Amino acid sequence: MVKPTGEFAIRVTFHGAVRTVTGSLHMVEAGDTRVYLDCGLFQGRRAEAADRNRSFPTAPGDLDAVILSHAHLDHCGNLPTLVAQGFRGPIYCTPATRDLAALVLRDSAKVQRQDAQVVNRHHRRQGLPAVEPLYDGRAAERAIARLTTVPYGRPFRVGSVTATFHEAGHILGSAMVLLEADGQRLGFTGDLGRPGTAIVRDPEVPPALDLLLIESTYGDREHAPRAEAEAHLAAVVRETVGRGGRVLIPAFALGRVQEVAYTLHLQREAGLIPAIAVYMDSPMATDATEIFRAHPECFDEEILAHLKRHDPFGFGALRYVRTPAESRALSASGEPCVVIATSGMAEAGRILSHLRDRIGDPRSTLLFVGYQAEHTLGRRLSDGAPEARIYGQPHKVAIRIERADAFSAHADRNELLAWAARVPRIGRAFCVHGDEAAAEALAGTLTSVGVPAEVPVAGQTV
Ligand SMILES: [Zn+2]
């Protein structure tokens with residue numbers, strides 16, 4: 001039986017990543033302890049994002065701590081705003097997450113400044129007021145200084161709450177969070193990975209839970225088998241290069257970049273794709289690769305075995321593009337090749353200038369290997385929009401659009417259900433971090449297998 005809300009010692013208020021996938025933030029209260037689970041950047045329409053990212057469910061100064069599930073921007077990217085608005089507590093995370101989050105936040109500050117500069121150039125021409133970046137590098141450093149590491153499996157106290165990190169199998173350092181207070185237990189999956197991926201371990205299964213906050217990015221879909229996705233990737237590269245075009249892959253700098261690049265390397269060696277160069281146009285992805293090397297404690301057995309044979313993150317065909325000048329030269333060149341650039345939803349970063357230069361080229365292909373949130377440029381292009389705005393300018397879309405979802409770092413519908421089925425007991429589940437349809441679908445399926453589940457609305461407290 002589901003206990004009535006009033007009997008729970010733990011109260012959760014859903015704020016971000018509710019009926020959407022960006023801006024993960026949930027407030028947990030137990031007694032007089034107040035904690036945020038994640039503090040992610042909301043991405044979407046510019047004006048809405050600016051407002052959403054500047055508002056929090058409680059005064060940041062009244063908060064005891066933030067517990068961070070992992071280093072993706074949509075989970076940690078708004079921490080500098082929180083600190084700038086008066087948050088003074090610790091931000092708990094795993095050691096690998098701290099290193100990656102520092103990278104992500106520094107990069108985010110840079111991207112936001114550059115993005116604001118570009119927008120302001122157009123605004124000036126059109127006589128519109130200037131926009132301010134959400135935060136700068138100094139604000140990012142103040143947030144980074146608050147990152148406090150706790151390894152997987154070691155309980156830590158935050159006021160009247162005991163918290164523990166468990167492997168989430170999503171990206172390096174990713175954790176699900178268990179919170180216990182007054183004999184009740186809440187589980188937060190953060191983003192849940194797929195079993196059997198190349199680098200990180202499989203997701204752990206928590207003990208019995210009274211409340212579960214479960215992600216639902218792919219709650220209504222199944223990924224194609226991995227082998228099929230790899231064959232698709234090879235075909236896209238072969239055909240595009242055969243036309244004299246270029247393959248652009250927008251990718252999250254953490255995780256997918258390393259996995260896709262490595263797959264391309266294996267395919268090149270096997271003769272499945274021509275001997276073309278693969279450019280990683282993201283200084284952040286390059287730095288992230290160094291952090292991957294520094295945290296073998298997060299690796300699964302497969303990659304540990306691989307490490308003994310050769311470096312899985314550095315191979316001949318992979319060229320790292322560092323400076324903006326190198327990036328511009330690459331975009332201007334006619335060389336058929338693969339360019340992997342951030343950001344993953346084509347909202348910001350170097351992928352934008354590559355896109356601007358190739359969006360009208362029918363020989364080239366834009367290949368999505370990750371989830372595209374609603375109202376992002378990536379989603380519009382992925383949905384087949386005939387026209388797109390880049391840096392405020394309209395462009396006709398002639399580039400071919402392809403998707404390879406199986407490279408996703410998120411569990412699909414069946415994997416989410418299989419994971420939930422292994423949890424000994426789930427009192428009540430809330431589906432978060434999924435677009436409305438996906439979250440509703442997962443809630444329906446969970447309920448049908450005996451786990452009472454629902455999709456919260458933003459601002460709802462349980
Ligand atoms: Zn993530």
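The sequence shown begins at 1 in my numbering and counts up one residue at a time. Positions of the beta carbon are idealized from the N, C-alpha and C atoms, including for glycine. None of these values were measured; they are calculated from a predicted model.
Just the Cα atoms here: how many angstroms apart are Ala261 and Arg185? Between the alpha carbons of Ala261 and Arg185 lies a gap of roughly 40 angstroms.
Let me know the beta strand (DSSP E) ranges lying completely inside the region 297 to 365, each 3 residues or longer, listed in chain order. Listed in chain order, the beta strand (DSSP E) runs fully inside the region 297 to 365 are 318 to 320 and 338 to 341, counting runs of at least 3 residues.
Quick check on Pro95: does DSSP put it in helix, strand or coil? Three-state DSSP puts Pro95 in a helix.
Should Asp357 be counted as a contact of ligand 1 given a C-beta to heavy atom distance under 8 angstroms? Result no, Cβ not under 8 angstroms from ligand 1.
So does the region 399 to 411 actually touch the region 222 to 229, counting three or more Cβ pairs closer than 8 angstroms? Yes, they touch.
Quick one: grab the DSSP three-state call for Glu167. When DSSP states are grouped into helix, strand and coil, Glu167 belongs to the strand group.
Let me know if Ala438 comes out buried or exposed under the rule of 16 or more other beta-carbons within 10 Å of its beta-carbon. That one is buried.
Strand pairing of Ala527, partner residues [DSSP]: Because the chain is modelled from 1 through 462, residue 527 falls outside the range shown and cannot be assessed.
Collapsed DSSP secondary structure at Pro4 in the structure displayed: For Pro4, the predicted model reports a pLDDT of 43, less than 50, meaning its position is unreliable and no value from the coordinates is stated.
Is Ile171 a contact residue of ligand 1, with contact defined as CB to any heavy atom under 8 angstroms? Yes; taking the cut-off as 8 angstroms, the Cβ of Ile171 has a heavy atom of ligand 1 nearer than that.
Given a cut-off of 9 angstroms, decide if Arg356 and Ile390 are closer than it, judged by their beta-carbon atoms. Their beta carbons are under 9 angstroms apart, which means Ile390 touches Arg356 by this criterion.
For ligand 1, residues whose Cβ lies under 5 angstroms from any non-hydrogen atom: Ordered along the chain, the selected set is His72 and Asp191.
Looking at the unbroken alpha helix (DSSP H) that takes in Pro80, where does it start and where does it end? Pro80: member of the alpha helix (DSSP H) spanning Leu79 to Ala84, first to last residue.
In the DSSP output, what is His395 paired with across the bridge? According to DSSP, which records beta bridges pairwise, His395 is partnered with Ala388.
Looking at the unbroken alpha helix (DSSP H) that takes in Gly378, where does it start and where does it end? Counting along the chain, the alpha helix (DSSP H) containing Gly378 begins and ends at Leu377 to Ser382.
For the beta strand (DSSP E) that Pro250 lies in, which residues bound it at each end? First-last of the beta strand (DSSP E) with Pro250: Val247 to Pro250.
The region 385 to 405 in contact with the region 281 to 294 per 3-pair CB rule at 8 angstroms: The answer is no - the region 281 to 294 does not touch the region 385 to 405, with fewer than three Cβ pairs under 8 angstroms.
Three or more C-beta pairs under 8 angstroms: does that hold for the region 167 to 176 against the region 68 to 81? Of all C-beta pairs linking the region 167 to 176 to the region 68 to 81, three or more are shorter than 8 angstroms, placing the two stretches in contact.
Residues that DSSP places opposite Ala65 in a beta bridge: For Ala65, the beta-bridge partners assigned by DSSP are Val35.
Contact criterion: CB-CB distance below 9 angstroms. Does Gly187 meet it with respect to chain C? Protein chains in the displayed structure number just one, and chain C is not present.
With C-beta atoms as the reference, is Pro250 less than 9 angstroms away from Gly344? Contact: yes.
Leu105 versus Ala140: straight-line alpha-carbon distance, rounded: Leu105 and Ala140: Cα-Cα distance of roughly 6 angstroms.
List the residues that DSSP assigns as beta-bridge partners of Arg403. Its beta-bridge partners are Phe368.
Return helix, strand or coil for Tyr262, following the three-state DSSP convention. Looking at Tyr262 - three-state DSSP - the assignment turns out to be helix.
Buried or exposed (CB count within 10 angstroms, at least 16 for buried), Thr5: Bear in mind that the predicted position of Thr5 carries a pLDDT of just 45, short of 50, making it unreliable; the figure below should be weighed with that in mind. Its Cβ having fewer than 16 others within 10 Å, Thr5 is exposed.
Got a sec? Which residues, its chain only, sit under 6 angstroms from Arg113 by beta carbon, not counting five neighbours each side? For Arg113, same chain residues with a beta-carbon under 6 angstroms away, outside a window of 5 residues either side, are Pro133 in chain order.
Output needed for Gly61: all residues of its chain with C-beta closer than 6 angstroms, excluding positions within five of it in sequence on either side, in chain order. Cβ within range, chain order: Gly86.
Residue closest to Asn53, alpha-carbon to alpha-carbon, out of Ala84, Asp64 and Val28: It is Ala84 whose Cα lies nearest to the Cα of Asn53.
Residue environment, Leu41, which counts as buried when at least 16 other CB atoms sit within 10 Å: With a threshold of 16 other beta carbon atoms within 10 Å, Leu41 meets it and is buried.
Rounded separation between Met1 and His72 - CA only: Residue placement at Met1 cannot be trusted, given a pLDDT of 36 that sits under 50; the coordinates are not used to answer.
Are the CB atoms of Thr240 and Arg350 within a distance shorter than 9 angstroms? No.
What residue from Gly427, Ala429, Glu454 and Val449 has the CA that sits closest to Glu440's CA? Taking each of Gly427, Ala429, Glu454 and Val449 in turn and checking the Cα distance to Glu440, the smallest one comes out for Glu454.
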